[in-house]
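In what follows, a single structure is set out as C-alpha cells and then discussed.
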Amino acid sequence: MHDRSGGPIPAILPPPALRSTDGAGPLAAVLAPGLHAAFDGCLDEALPADLSALLGRLDRAAAGHRARTSDSFKRS
Numbered sequence: 010m011h012d013r014s015g016g017p018i019p020a021i022l023p024p025p026a027l028r029s030t031d032g033a034g035p036l037a038a039v040l041a042p043g044l045h046a047a048f049d050g051c052l053d054e055a056l057p058a059d060l061s062a063l064l065g066r067l068d069r070a071a072a073g074h075r076a077r078t079s080d081s082f083k084r085s
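Per the numbering used here, numbering of the sequence shown is gapless, rising by one per residue and ending at 85.
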C-alpha cells in the first residue's frame, strides 16, 4: 500500500455535496439519531433519576461489608 513509487495511495473523498462540515460522513448523519436514542436509553436504565438513590444504594452495599483492616488478612 505504501510501497508505491509515488507514495501512499491518495484518499478517495466523496463529492463535496456529500461531505458534511462537521467531519461526519453521510452514514454517520443517518445513524446518529438512532445511536443517540439508544445511548440515552441505556443511560436512563443504568443511572437512577435521583442521585440520592444511587448514594443510598452505595451506602447499603458498604454497610453490608465489614471494613477490612490489615489485620483481617493475617491468619492466626
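All C-beta atoms in this analysis are idealised placements derived from N, C-alpha and C, irrespective of residue type, glycine included.
This structure is a prediction, so every number in the text was calculated from the model and none was measured.
Backbone CA spacing between residue i and residue j [nearest angstrom]
i	j	result
leucine 36	glycine 43	12 Å
leucine 40	phenylalanine 48	12 Å
leucine 95	alanine 46	A query on residue 95 cannot be resolved here, the shown segment of the chain reaching from 10 to 85 and no further.
arginine 69	alanine 62	11 Å
leucine 34	arginine 66	In the sequence as presented, leucine is not what sits at residue 34; that position holds glycine. Cα-Cα distance, rounded: 42 Å.
alanine 38	leucine 64	38 Å
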